[in-house]
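Sequences listed follow chains A and B, in order.
Quick note on our numbering: the first sequence kicks off at 2 and runs consecutively.
Quick note on our numbering: the second sequence kicks off at 10 and runs consecutively.
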Amino acid sequence: MKNILILGAGTAGTLMANKLRKKLNRKEWNITIVDEDKTHYYQPGFLFIPFGIYDEKDVIKPKSKFIPKGVDLIISKIEKIIPTENRVTLQDSKIDLKYDYLIIATGTRIAPEETPGLQGDLWYKDIFDFYTVEGAVALGERIKSFNGGRIIVNITELPFKCPVAPLEFVFLADTYFKKRGIRDKVDITLVTPLPGAFTKPIATKMLSGLMVEKNINLITDYNISEVDNAGKRILDYAGKAVDFDILVTVPTNKGADMIERSGMGDDLNFVPTDKHTLQAIGYENIFVLGDAANLPTSKAGSVAHFAGDFLEANLLSLINGTPMTAKFDGHANCYIVTSDKKGTLIDFNYDTEPLPGRYPYFIGPFGLLKNTRLNYFGKLFFKWMYWNLLIKGHDLPVTSHMSMCCKEVPKETK
Amino acid sequence: MAQKEFAGQLIDVNEEGYFTNPQQWNREVAAAVAKEEGLDLTDNHYAILEFLRNRYNSGEALSIRSINKSGIVDVKEFYSLFPGAPLKKSTKIAGIPKPSSCI
Chain A
2 MKNILILGAG TAGTLMANKL RKKLNRKEWN ITIVDEDKTH YYQPGFLFIP
52 FGIYDEKDVI KPKSKFIPKG VDLIISKIEK IIPTENRVTL QDSKIDLKYD
102 YLIIATGTRI APEETPGLQG DLWYKDIFDF YTVEGAVALG ERIKSFNGGR
152 IIVNITELPF KCPVAPLEFV FLADTYFKKR GIRDKVDITL VTPLPGAFTK
202 PIATKMLSGL MVEKNINLIT DYNISEVDNA GKRILDYAGK AVDFDILVTV
252 PTNKGADMIE RSGMGDDLNF VPTDKHTLQA IGYENIFVLG DAANLPTSKA
302 GSVAHFAGDF LEANLLSLIN GTPMTAKFDG HANCYIVTSD KKGTLIDFNY
352 DTEPLPGRYP YFIGPFGLLK NTRLNYFGKL FFKWMYWNLL IKGHDLPVTS
402 HMSMCCKEVP KETK
Chain B
10 MAQKEFAGQL IDVNEEGYFT NPQQWNREVA AAVAKEEGLD LTDNHYAILE
60 FLRNRYNSGE ALSIRSINKS GIVDVKEFYS LFPGAPLKKS TKIAGIPKPS
110 SCI
């Protein structure tokens, strides 16, 4: 028997386990998946929790429900990978896991401990993240009793998971306080290390337009160095202070600590990965899927989903001794909610920035970089697709490669 | 492609003034670019520029955080060496592309 070992049973690992079990003969291949946590989180739903649109029940299900028959699920902390011996050691078991092929899908985590003062006296009192259920729920409680003042949404540094989430957060906050009739008493400011609301020019223009329309302030080129809890302000490396009543932080994102223990990560514990084949650089029999990789594209579930098709093709080629021909293009696709009624959609890859146009789909087309009601429902409908299709490794009715179909290409670019 | 003269040499630059050919860089050219940015280069400046160039040449990502790995200065001192937007300024003077943020 040969062994495929998948580390991490989040979006990427789970969908890969489902795909590979269908493709590989059970008499020849064992598939094992390891995760330290029994719970599967629907992470795109975290954003809605602070505003009471979703609650915890919407985003939590047991992991075991999504692991197919014929795949062994082990719940344990991973100690480290020993790539020279094709072996993984666990913290909760003395038995090591041997592999012929390894898929690293251990994702990214928030690391608030990287910023001095962030987890100080005000942590979960006036300072919150919304990248964990605990943070999102605590923030929801605080917002309910908030009757006016300054809300700062601060991105600590790049890269971070779901790069549009801070924008969605400020848009939903605008809607929420309007509904409560106190929008004029609340100052909402996005404080970002980026030079604008987003990175790519055309999307930035559309999104900053929306921010102006909604009276949301923007402070750019801001690299936070510390939080002054007593003064209720954040400071950057040049000493520039921004005051807050509530600080919503997007902390530094890091790969799993296990990657560091294995000596396989970069400065932030992300695994250097070939951006087309998805192999860990320097290791032919190790692949990386999802947020754990250092790919120059978004850290997002859509990327893990699209990349999964390419990883599957390349892994099967390698097993069959044929050349790997599948080349991942960095395809990402993100809904962006812009209020509780409307949303927009971006679709892009390594080479093509998000462009306006239409996104053909079986209940679409959705509008790309257009603010529509259908896009908002697309985002809500996506929860069903996620639980029922995506993590079960089923195909979605969209192409894995980014398609130029129905995109409006500006004159100055090709 | 645009060219600009620094320290008597014609340098290929893009529309934002970043070198398009990092090979054309040397210490004198760096001093001239720095002057345009209102900076007189010290040994610490040069050490950082070399660090950034080495990191760029080995294909590693450049970030504010990576300065802590330089062993030369910490991020706060990096800000005082290249005030305002330190990474943008220092990469321009180091003759390497402006770090792009992928998202």
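In this text, a Cβ means the ideal position worked out from N, Cα and C, and glycines have one as well.
Just to confirm before moving on: does the CB-CB distance between I105(B) and L61(B) stay below 8 Å?
Residue 105(B) sits at position 96 when you count from the first residue of the second sequence. Residue 61(B) sits at position 52 when you count from the first residue of the second sequence. Taking 8 Å as the Cβ cut-off, I105(B) and L61(B) qualify as a contacting pair.
Leaving out five residues on either side along the sequence, give the residues of the same chain with a beta carbon under 7 Å from the beta carbon of A314(A).
For the purposes of this step, residue 314(A) is taken as residue 313 along the first sequence, with counting starting at 1. Here the set comprises A327.
Same chain only: Cβ atoms within 6 Å of F15(B), ignoring 5 sequence neighbours per side:
Reading the second sequence from its first residue, position 6 is the one you call residue 15(B). V38, A41, V42, listed in sequence order.
Measuring only between beta-carbons, confirm whether T414(A) sits less than 8 Å from chain B.
As a working note, residue 414(A) is residue 413 in the first sequence. Unreliable placement is indicated for T414(A), whose pLDDT of 47 sits below 50; the coordinate value is still reported in the next sentence. Not closer than 8 Å to any Cβ of chain B, the Cβ of T414(A) fails to qualify, so no.
Whole-angstrom C-beta distance between Y100(A) and N4(A), which should lie under 8 Å
Along the first sequence, read from residue 1 onward, the residue named residue 4(A) stands at position 3. Along the first sequence, read from residue 1 onward, the residue named residue 100(A) stands at position 99. With 8 Å as the limit, N4(A) and Y100(A) qualify as a contact, their Cβ atoms being about 5 Å apart.
Got a sec: which bits of the region 150-180 of chain A sit with their beta carbon under 9 Å from any beta carbon on chain B, in order along the chain?
E158, L159, P160, F161, P164, V165
Interface residues of chain B facing Y238(A) [CB-CB closer than 7 Å]
Here residue 238(A) is taken as the residue at index 237 of the first sequence, counted from 1. Chain B residues near Y238(A): V84, K85, Y88.
Using CA atoms only, rank isn't needed, just tell me which of F367(A), T278(A), D341(A) is closest to M325(A).
One-based indexing of the first sequence puts residue 325(A) at position 324. Cα-wise, what sits closest to M325(A) is T278(A).
Quick one: using the 10 Å Cβ neighbour count with 16 as the cut-off for buried, is E158(A) buried or exposed?
Your numbering for residue 158(A) matches position 157 in the first sequence. Per the 10 Å Cβ criterion, buried.
When the cut-off is 8 Å and only beta carbons count, does I73(B) lie next to chain A?
For this step, residue 73(B) is matched to residue 64 along the second sequence. Cβ-Cβ to chain A under 8 Å: yes for I73(B).
So, for T353(A): in the same chain, excluding its five sequence neighbours on each side, which residues have a beta-carbon less than 7 Å away from its beta-carbon?
In the first sequence, residue 353(A) corresponds to position 352, counting from 1. Answer for T353(A): M403, listed in chain order.
Do R351(A) and T298(A) have their CB atoms nearer than 8 Å?
Mapped onto the first sequence, residue 351(A) falls at position 350. Mapped onto the first sequence, residue 298(A) falls at position 297. The displayed chain sequence assigns Tyr, not Arg, to residue 351(A). The Cβ atoms of Y351(A) and T298(A) lie closer than 8 Å to each other.
Can you confirm whether S65(A), when its beta carbon is compared against all beta carbons of chain B, has any partner nearer than 8 Å?
As a working note, residue 65(A) is residue 64 in the first sequence. So no, S65(A) is outside the interface.
Name the two residues that bound the continuous alpha helix (DSSP H) containing Y88(B).
As a first step, residue 88(B) is located in the second sequence; it is residue number 79 there, counting from the start. 84-90 is the span of the alpha helix (DSSP H), which, as asked, contains Y88(B).
For T205(A), the three-state DSSP class (helix, strand or coil)
Walking along the first sequence from the start, residue 205(A) turns up at place 204. Reduced to three states, the DSSP call for T205(A) is helix.
Inter-stretch contact (C-beta, 8 Å, three-pair minimum) for the region 258-267 of chain A and the region 182-189 of chain A
no
For a cutoff of 8 Å on Cβ pairs, would you count S443(A) as touching chain B?
Missing from the structure shown is residue 443(A); chain A here goes from 2 to 415 and no further.
Members of the region 53-81 of chain B that neighbour chain A once the beta carbon cut-off is set at 8 Å:
For the region 53-81 of chain B, the residues whose beta carbon sits under 8 Å from a beta carbon of chain A are, in order, E69, A70, S72, I73, R74, S75, K78.
Return no unless some Cβ of chain B is closer than 8 Å to the Cβ of N224(A).
Here residue 224(A) refers to the residue found at position 223 of the first sequence. Yes, its Cβ sits closer than 8 Å to a Cβ of chain B.
With three or more C-beta pairs closer than 8 Å as the rule, is the region 338-352 of chain A touching the region 366-373 of chain A?
Flag = yes, the region 366-373 of chain A and the region 338-352 of chain A touch.
Classify L19(B) as buried or exposed, calling it buried when 16 or more other Cβ atoms lie within 10 Å of its own Cβ.
Reading the second sequence from its first residue, position 10 is the one you call residue 19(B). That one is exposed.
What are the boundary residues of the alpha helix (DSSP H) that includes H306(A)?
Start at 1 with the first residue of the first sequence, and residue 306(A) comes out as number 305. Counting along the chain, the alpha helix (DSSP H) containing H306(A) begins and ends at 302-321.
Would you check if the region 64-77 of chain A and the region 201-218 of chain A touch, i.e. whether three or more CB-CB distances between them fall below 8 Å?
no
Roughly how many angstroms lie between the CA atoms of I57(B) and P194(A), to the nearest whole one?
Against the second sequence, residue 57(B) aligns to sequence position 48. Against the first sequence, residue 194(A) aligns to sequence position 193. Straight through space, the alpha carbons of P194(A) and I57(B) are spaced by roughly 21 Å.
P63(A) lies in the beta strand (DSSP E); which residues open and close that run?
As a first step, residue 63(A) is located in the first sequence; it is residue number 62 there, counting from the start. Looking at the DSSP string, the run of the beta strand (DSSP E) that includes P63(A) is 61-63.
Hey, is D268(A)'s beta-carbon within less than 8 Å of any beta-carbon in chain B?
For the purposes of this step, residue 268(A) is identified with residue 267 of the first sequence, where counting begins at 1. Chain B, which has a Cβ nearer than 8 Å to the Cβ of D268(A), makes this yes.
Using a Cβ-Cβ distance under 8 Å, would A94(B) count as near chain A?
Here the question's residue 94(B) lines up with position 85 in the second sequence. Residue-level contact by beta carbon holds for A94(B) and chain A, with a gap shorter than 8 Å.
Cβ contact check for the region 39-57 of chain A and the region 216-229 of chain A: 3 or more pairs under 8 Å
no
Please look up how many angstroms separate the CB atoms of G331(A) and K276(A), rounded, as I've assumed it's under 8 Å.
Locating residue 331(A) in the first sequence gives position 330, where the first residue counts as 1. Locating residue 276(A) in the first sequence gives position 275, where the first residue counts as 1. With a contact defined as Cβ atoms closer than 8 Å, G331(A) and K276(A) qualify at about 7 Å.
Decide if the region 122-136 of chain A is in contact with the region 246-254 of chain A; the criterion is three or more beta carbon pairs, one per stretch, under 8 Å apart.
yes
Proximity winner among E409(A), G232(A), P164(A), relative to S303(A) (alpha-carbon distances)
Numbered from its first residue, the first sequence carries residue 303(A) at position 302. The candidate whose alpha carbon is nearest that of S303(A) is P164(A).
Of all the options P355(A), A333(A), A308(A), which has the alpha carbon lying nearest to the alpha carbon of L16(A)?
What you label residue 16(A) is simply residue 15 of the first sequence in a count that begins at 1. Nearest of P355(A), A333(A), A308(A) to L16(A), Cα basis: A308(A).
Among Q12(B), P108(B), L90(B), Y27(B), the one whose alpha carbon lies nearest that of G68(B)
Here residue 68(B) corresponds to residue number 59 of the second sequence, with the count starting at 1. Comparing Cα-Cα distances from G68(B) to each of Q12(B), P108(B), L90(B), Y27(B), the minimum goes to P108(B).
N-terminal and C-terminal residue of the alpha helix (DSSP H) that T15(A) is part of:
Residue 15(A) sits at position 14 when you count from the first residue of the first sequence. DSSP places T15(A) inside the alpha helix (DSSP H), whose first and last residues are 12-24.
By alpha-carbon positions, which one of A10(A), G11(A), F52(A) ends up nearest to T176(A)?
As a working mapping, residue 176(A) is identified with position 175 in the first sequence. Of the listed residues, the one whose Cα sits closest to T176(A) is F52(A).
Tell me, which residues are paired with N218(A) by DSSP?
Walking along the first sequence from the start, residue 218(A) turns up at place 217. Its beta-bridge partners are T190(A).
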